[in-house]
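Novice: In our numbering, the protein residues as written are 23 to 780.
Idealized CB from N, CA, C, for every residue including glycine.
Can you keep this structure in mind? I'll have questions shortly.
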């Protein structure tokens, strides 16, 4: 009957669309009804409850071949016909790639989306467990992990998100009652997050079944990109950590830059940098790669460590862990927890007591955190313990217990700190020297060696977590060299004649005239000057597509060599590496030569390159506030500096300032002429940056003859108003100083004309 009703409605809609008569209408209905009877005669519907990937499918069984006119009528009704549809194909809900039959994937019980296990936090053990049980599983778009109990927060669970640490917390875990939860939503009152101990004003809540009527934020934030406060669409679920024994950074800086540009790891630990403080950081790693860089340079021969952390992770150095070891530390906040990341180097001939410096550092980290809480520590480095078999924790040569100098001291430190070493394959010849130590071994996946830049293999691991990924905003830039200035000059003449000097110019004050002029100039600039979108992509200009392709080919060859241990593949990899280094050096030299060749026409790119090579842009380090808290973010640093500066200044009492009249002659009246203003405008340096009013000097220079008349009037009126305000009694010196400062700020763009005339 359901199909009959659909066909009857379809026939009625067809009649209304074609405007048939009543006779034709009845005829059409009879025809459609006859079609329904014939379809029911030939088609039999039944429900096949066969389970396929937890999906139920409707199957249509054709009892016998229907006549052709019946098939034509059916085809007219059915939409979306595919010639060869084949089986249903599912796409991954995260990477949007096709989920193939041989892929490891899992279906969310909430939204029914299929997701690759490599795209989410499901390891092989969990995947096997879910296959053999009836446990439910939810994707990251449908649930969020609680920052305290680590349980799932569903759409219907009462929960709140901290605006500071960007972590979701159950109401029960945050000790927020139902009444307080309602008040937070209704009155926007503040609450204290138990993870970061910060007072914040949250605007993100999860729905609850206890009478609070609010929108489902999981759907709202997913569909509305403009109102994201914790949007899971702009969150990433992994951090890539890399450890590289570079064995001399200066000689391999171009190769390292190409690797960072191609692979884009989040955290990079370098050992044996072999540099000192006479070498600027930007000479080695340009800031266009988007890293915060921390260094611990060598004091003698060899050694030196460096730590590179992506800027979107909001890292900060940890000075308290500096104890004379060859290490550098930084900390980042992930899901409300502080993660301490270190780059460590231990020389092969180091004494036994040097490894105890690592124990001291881990003890300090434990004291910095909360009591009875396991600290989050990740150490990447070259420890030069050749005899450790990390699978058995025994001497790999004799298969006996290790002594302290052979690495037992390091194993004891890791056992005491509940840490684990994850690198189980050799990183230099047959020895495992480069290590990845962590207190969260269950959250690391994809431990492997992608390549090598020296005699040590690169070691890489992926930390599963949820972090906000900062997206660089797009910026609109005006191309003033391509502006239609002839049309802008015509518009300026029309504006001067019809709008500015329209007989009411004397009825407007200076501020109104200035706003009218500013709106006209900005409006005609927007119409007649083309624009382009700058995405702010961080990249190195000489790393081209050909170099990136060669690097990927080299990485595949290195992975093949590690699997097969073939000398033929090794020689092929070495040849690829030599060719890539030559190609990178050639591309870099060509880029610099092109800059030098164009220096006579435009010297800005050349000097920008030179200044970037010698300037270190580290910004303001973390600050200690008056209440013994650490200011890490930009806003916290600004507030701390503002509080400090205002506390050291005293309020000046102008009543006690003696007043003396200097013996000066009275200044004659200032006369501003149109020719004088035009001359000043024509002499503007068009390559300078614009002011806060947004008017570019190139526009003022091009329109100088056409805007000089109303500019002269504006400056004359401004001079007149300033003179009137300064005509005060001698006892009002305090007020006179204030008025003078206010007027100078109000002049804005035309201030340069006033100063030049004076």
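Taking the Cβ atom as the reference point for each residue, do residue 327 and residue 265 lie within a distance shorter than 8 Å?
Specialist: Result no, Cβ atoms of residue 327 and residue 265 do not sit closer than 8 Å.
Novice: Measure the Cβ-Cβ separation of residue 367 and residue 351 and say whether it is below 8 Å.
Specialist: No, these two residues do not count as a Cβ contact at 8 Å.
Novice: Comparing C-alpha positions only, which one of 436, 115, 411, 427 sits nearest to residue 454?
Specialist: Nearest option by C-alpha distance: 411.
Novice: Entirely within the segment 336 to 394 and at least 4 residues each: give me those alpha helix (DSSP H) ranges in chain order.
Specialist: Taking only runs of at least 4 residues, the alpha helix (DSSP H) segments lying wholly in the segment 336 to 394 are 378 to 390.
Novice: Report the CB separation of residue 456 from residue 467 in whole angstroms; it is logged as a contact under 8 Å.
Specialist: The pair is not a contact, with the Cβ atoms about 18 Å apart (cut-off 8 Å).
Novice: Span of the beta strand (DSSP E) holding residue 332?
Specialist: Segment 327 to 332, the beta strand (DSSP E) holding residue 332.
Novice: Would you report the Cα separation of residue 139 and residue 285, rounded to the nearest angstrom?
Specialist: Near 21 Å, if we compare the C-alpha coordinates of residue 285 and residue 139.
Novice: Do you know offhand how far residue 283's Cα is from residue 277's?
Specialist: Between residue 283 and residue 277, the C-alpha separation is close to 10 Å.
Novice: By how many angstroms is the C-alpha of residue 523 removed from the C-alpha of residue 515?
Specialist: Straight-line Cα distance between these residues: approximately 11 Å.
Novice: Excluding sequence positions up to five away, which residues of its chain have a Cβ less than 6 Å from the Cβ of residue 317?
Specialist: Only 328 meet the Cβ criterion.
Novice: Would residue 420 and residue 262 be called neighbours here (beta carbons separated by less than 8 Å)?
Specialist: Their beta carbons are not under 8 Å apart, which means residue 420 does not touch residue 262 by this criterion.
Novice: If you check the beta carbons only, do residue 598 and residue 579 fall under 8 Å apart?
Specialist: Yes.
Novice: How many angstroms separate the CA atom of residue 237 from the CA atom of residue 545?
Specialist: Reliability of the predicted coordinates at residue 237 is poor, the pLDDT of 37 falling under 50, and the value obtained from them is presented with this limitation in mind. Each residue's alpha carbon lies about 40 Å from the other.
Novice: Flag this pair as yes or no: are the beta carbons of residue 400 and residue 460 separated by less than 8 Å?
Specialist: Cβ atoms of residue 400 and residue 460: closer than 8 Å.
Novice: Report yes or no: do three or more beta-carbon pairs, one from the segment 619 to 631 and one from the segment 643 to 661, lie closer than 8 Å?
Specialist: Too few Cβ pairs lie closer than 8 Å, so no.
Novice: Once you ignore the five residues that flank residue 781 on each side, which residues in its own chain have a CB closer than 8 Å to its CB?
Specialist: Since the displayed the chain opens at 23 and closes at 780, residue 781 lies outside it and no answer follows.
Novice: From the DSSP secondary-structure annotation, give me the bridge partner or partners of residue 400.
Specialist: DSSP lists 363, 460 as partners of residue 400.
Novice: For residue 8, I'd like the list of residues in its chain whose CB is within less than 8 Å of its CB, leaving aside the five on either flank, ordered along the chain.
Specialist: What the structure shows of the chain is the stretch from 23 to 780, and residue 8 is not part of that stretch, so it cannot be assessed.
Novice: Can you grab the Cα-Cα spacing for the pair residue 547 / residue 692, in whole Å?
Specialist: Roughly 32 Å between the two C-alpha positions.
Novice: Provide the residue(s) that pair with residue 483 in DSSP beta bridges, ordered along the chain.
Specialist: Partner(s): 263.
Novice: Is the beta carbon of residue 430 closer than 8 Å to that of residue 436?
Specialist: No.
Novice: Roughly how many angstroms separate the alpha carbons of residue 324 and residue 296, rounded to a whole number?
Specialist: Rounded to the nearest angstrom, the two C-alpha atoms are 5 Å apart.
Novice: Note the first and the last residue of the continuous alpha helix (DSSP H) segment covering residue 181.
Specialist: From DSSP, residue 181 is part of no alpha helix (DSSP H) but of the beta strand (DSSP E) over 181 to 183.
Novice: What three-state label does DSSP hand residue 239 in the structure shown?
Specialist: Caution is warranted here: a pLDDT of 36 is assigned to residue 239, below 50, making its placement in the model unreliable, and no coordinate value can be reported.
Novice: So, for residue 554: in the same chain, excluding its five sequence neighbours on each side, which residues have a beta-carbon less than 7 Å away from its beta-carbon?
Specialist: Excluding sequence neighbours, residue 554 sits near 499, 501.
Novice: Cα-Cα, which of 587, 184, 504, 377 is closest to residue 428?
Specialist: Ranking 587, 184, 504, 377 by Cα distance to residue 428 puts 377 first.
Novice: Run the proximity test for residue 582: is its beta-carbon closer than 7 Å to any non-hydrogen atom belonging to the ligand SAH?
Specialist: The ligand SAH is not among the ligands present in this structure, which contains no ligands whatsoever.
Novice: What residue does the alpha helix (DSSP H) around residue 667 start on, and which one ends it?
Specialist: Taken as a continuous stretch (DSSP letters only), the alpha helix (DSSP H) holding residue 667 covers 656 to 670.
Novice: Tell me which residue opens and which closes the alpha helix (DSSP H) that residue 722 is part of.
Specialist: That run of the alpha helix (DSSP H) goes 719 to 724.
Novice: Name, in chain order, the residues that DSSP records as bridge partners for residue 290.
Specialist: For residue 290, which the question treats as bridged, DSSP gives the partners 264, 330.
Novice: Using the DSSP secondary-structure output, state which residues sit across from residue 314 in a beta bridge.
Specialist: In DSSP, residue 314 forms a bridge with 331.
Novice: Note down the Cα distance separating residue 541 from residue 517, rounded to an integer number of angstroms.
Specialist: Near 11 Å, if we compare the C-alpha coordinates of residue 517 and residue 541.
Novice: Based on the DSSP output, what are the partners of residue 646 in its beta bridges?
Specialist: Paired residues: 652.
Novice: Which residue or residues does DSSP assign as beta-bridge partners of residue 192?
Specialist: Bridge partners of residue 192: 181.
Novice: Taking buried to mean at least 16 other C-beta atoms within 10 Å of its own C-beta, is residue 423 buried or exposed?
Specialist: Answer is exposed; the Cβ neighbour count stays below 16.
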